Amino acid sequence: MIPLTWTRPGRMATWLILGNLLLIATLVVMTGLSLNNHRLSEEKRARDVVDNLAQSLSVEVGAELRNADNALSTIGLRYRSARLTADHQDALVRMLEEQRDLLPQVSVLRIADVRGQVVAGLSADERSFNVADRAYFTEAMMSTDMVISEPLQGRVNGEWSLILARRLINHDGQFAGVVFAVVTARHFLARFSQVALGPSGAVSLRSESMNLIARYSAGEPRSTKGFGGRQLSAQLQRSLAQNRDHGVYLTPTVIDQVERITAYRKVPGYSLTLFTGMGSGDFLASWRKQAWQQAMLTALVALAVAGASAMIHRTHQGERRSRKALARLAGEQDAMLQNDLVGMVRVFEGRALWCNPALEQMFGYEPGELTQSETRVLFMDDADHAHISHVGSSTIRAGERFRTQLRMRRKDGSAFWVDVSGMVLSDTDSLWTLADIDGLKQSEARAQDLALRDALTQLPNRRFFEERVGDAIHQARRTGQDFAVCYLDLDGFKPVNDQYGHNAGDEVLVQIAQRLQGLVRANDVVARLGGDEFAILLSGVSRATDVEQLLQRFLFSIQRRITLDAGERVSVNASMGAVIGGGDDVCAELLRLADEAMYGVKRTGKGRLQVVSVDDPAWAVAA
């Protein structure tokens, strides 16, 4: 601070009061703008997180439905080709049990005859019942595709479920009944509970008619409130009217009245919609804490300055009393500038004339060490320094507001994110305020990583994997170097889950993920697609024999016995399908061929691998 010299106490006191009022107004405006920008930033980050999670979860649910669809189609084809009827009980049961092992998400798999009477898939203690009165039976009878029911409540156990059904055609081409799978709401709740959306977060799944199939809320994890119903907020209805497939909106949820930012995504290929929501109280927690701190600081400064100004006004008649009041005011202003929250520096011709303790602590300097130092030492490079010195200074001297965020340098050389804004003091001096936002930036990075990682295995998820396949196609166009996409599904995983529990199943998935990760090369990618399905991207391979040799290493590693934490030793196998791709291929087609190759292995014996060509899917090398 520069000492003030007084010649006419009354006039100087008036100017000082006006200056203090301007300072208070400036602080209030700057605080309001800073808080508003921070809130908008937090809300945008939350929108990106829930939208990314909604997209990732919708893809995973779509993969499960496609898996069930393939199984139901296989049953329909075998039913017709084997000339089966409702009287072939043993053959029907064997056919259902074979496909049931491939569907961990399905609780029950059954067949009903042409009259709707359930003839296969009943447990030993269940009696046959009729489903002809269910809407999905009639819809499946008239459709060539898989039918997805509205949420239904079981007649015996009262459990909410979703029915996936396909019609059966006999060898004469006549309707012969329906094969249907039951997916309980409990299955979706178990999957949704793994999503980290904060203490007030919620994930839900709705049917084509927007009836609630399943909903998991971190605040009410066991609640079934609203299941089967269609309770939609006005904001959601407006968003659906604008875009049925995806959107993001902020409103209180009708079911529990908790305000959330919610994103929805239509499940790819099916008539379901996935919702993910994060409570505003969760993503605005840090903003509210900052708002309280800055409001208190601004209020204290305003009270201090106002009090000092009033005192000066009362005593401005006497020069001695005016000098004492000015000294007191200078002390109070100094206390405000010496705060521990916001760094401040006064700059003259590229040098720091003065800086407060908050700035010294922020950058790791000793008291007074920065005074008269060039401000260049605080910047990472000359470009950032030139931008602030020329563009920033020119902007604020033109009367405009300047604010930016950039990485700056501590005394020890480490980099951190800082929010920088400035204001003019005179023709040659300027005052700059700096706030440490490194924690906020790291939080944003963690949220982005969460949207691209599998929560259990920490492997990349489906979205990240598909992006890398797209990158591999672009790289192949530039270099002509081919690559391979592999899908693998664990065989024997369900018995481990059934015998030892879901925690043991999670241990198996984690250990398998670690083995796969340990075998991939530097430019390869291994990802978990969901459930017990994994995918591998192999770079720089063009021959089927090379791909087969690499995948044999993965297969042998998976087949090694696994020791669980409880001491039991278990083993699983895997079925693998791979396709060699290049620069002329399409990502979606490669993923589809690899998926079909894997299911081709499962249908012909499991525990093996198959490499197919993009040009001729019938060609294969099997092991």
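Numbering-wise, full-length UniProt numbering puts 174 at position 174 of the sequence shown, and it's gapless, one number per residue.
A virtual CB, placed ideally from N, CA and C, is assigned to each residue, including glycine.
Everything numeric in this text was worked out from a predicted model, so none of it was measured.
Under 8 Å between C-beta atoms of residue i and residue j
i: alanine 476; j: phenylalanine 465; result: no
i: phenylalanine 137; j: glycine 116; result: yes
i: residue 624; j: threonine 253; result: Examination of residue 624 is not possible in this model, given that the chain is present from 1 through 623 alone.
i: leucine 212; j: glycine 198; result: no
i: alanine 588; j: valine 547; result: no
i: serine 143; j: leucine 152; result: no
i: tyrosine 487; j: alanine 535; result: yes
i: phenylalanine 416; j: aspartate 436; result: yes
i: leucine 459; j: arginine 528; result: yes
i: serine 176; j: leucine 168; result: Inspection of the sequence shows that residue 176 is occupied by alanine rather than by serine. Going by C-beta atoms, alanine 176 is nearer than 8 Å to leucine 168.
i: arginine 592; j: glutamate 60; result: no
i: serine 209; j: arginine 230; result: yes
i: tyrosine 270; j: glycine 62; result: yes
i: valine 526; j: valine 572; result: no
i: arginine 215; j: serine 200; result: no
i: threonine 371; j: alanine 398; result: no
i: valine 570; j: isoleucine 562; result: yes
i: valine 114; j: serine 128; result: no
i: valine 29; j: threonine 298; result: no
i: valine 520; j: glycine 581; result: no
i: arginine 47; j: isoleucine 388; result: no
i: alanine 181; j: alanine 295; result: no
i: glutamate 369; j: glycine 350; result: no
i: serine 149; j: alanine 451; result: no
Sequence-distant residues of the same chain with beta carbon closer than 6 Å to residue i, five excluded per side
i: proline 263; result: Per the sequence presented here, residue 263 reads as alanine, with proline not at that position. Here the set comprises Val50, Asp51, Ala54, Val248, Thr276.
i: leucine 431; result: Arg346, Met423, Leu425
i: glycine 343; result: Ala358, Leu359, Met362, Leu434
i: aspartate 595; result: Tyr487
i: serine 233; result: Thr251, Val254
i: phenylalanine 188; result: Leu205, Ala214
Rounded separation between residue i and residue j - CA only
i: valine 377; j: aspartate 384; result: 11 Å
i: leucine 564; j: aspartate 172; result: 52 Å
i: asparagine 503; j: valine 496; result: 10 Å
i: tryptophan 15; j: glycine 219; result: 57 Å
i: serine 41; j: phenylalanine 283; result: 10 Å
i: aspartate 245; j: glutamate 126; result: 40 Å
i: leucine 72; j: leucine 84; result: 15 Å
i: leucine 456; j: glycine 540; result: 29 Å
i: glutamine 552; j: leucine 609; result: 8 Å
i: serine 542; j: lysine 266; result: 36 Å
i: valine 489; j: serine 575; result: Residue identity differs from the one stated: residue 489 is aspartate in this sequence, not valine. Aspartate 489 and serine 575: Cα-Cα distance of roughly 5 Å.
i: leucine 406; j: serine 421; result: 11 Å
i: residue 624; j: arginine 206; result: Any question about residue 624 goes unanswered here, given that the chain covers just 1 to 623.
i: methionine 146; j: asparagine 36; result: 49 Å
i: glycine 76; j: serine 107; result: 19 Å
i: serine 394; j: leucine 240; result: 47 Å
i: alanine 132; j: glycine 505; result: 37 Å
i: aspartate 524; j: leucine 538; result: 5 Å
i: isoleucine 396; j: alanine 190; result: 55 Å
i: alanine 472; j: valine 614; result: 15 Å
i: lysine 44; j: methionine 278; result: 12 Å
i: glutamine 257; j: leucine 550; result: 53 Å
i: alanine 82; j: glutamine 99; result: 16 Å
i: asparagine 243; j: glutamine 511; result: 42 Å
Neighbourhood of residue i by C-beta, 7 Å cutoff - its chain only, sequence neighbours within 5 removed
i: alanine 120; result: Gln89, Leu92, Val93, Leu96, Arg110, Ile111
i: lysine 494; result: Asp101, Pro104
i: valine 601; result: Ser575, Met576, Gly577, Arg608, Leu609, Gln610
i: glycine 154; result: Ser161
i: phenylalanine 379; result: His385, Met408, Arg409
i: phenylalanine 348; result: Thr428, Asp429
Under the three-state DSSP convention, the category residue i falls into
i: histidine 246; result: strand
i: leucine 456; result: coil
i: threonine 433; result: strand
i: isoleucine 473; result: helix
i: serine 239; result: helix
i: isoleucine 111; result: strand
i: lysine 266; result: strand
i: residue 632; result: Within the shown structure, residues of the chain are numbered from 1 to 623, placing residue 632 beyond reach of any answer.
i: arginine 47; result: helix
Contacting residues, own chain, Cβ-Cβ under 8 Å from residue i (five flanking each side not counted)
i: leucine 18; result: none
i: residue 624; result: This structure does not reach residue 624, given that the chain is present from 1 up to 623, and the question cannot be answered.
i: methionine 141; result: Arg167, Phe175, Val178
i: arginine 603; result: Thr74
i: alanine 306; result: Asn20, Ile24
i: aspartate 491; result: Val572, Asn573, Ala574, Ser575, Lys602, Lys606, Gly607
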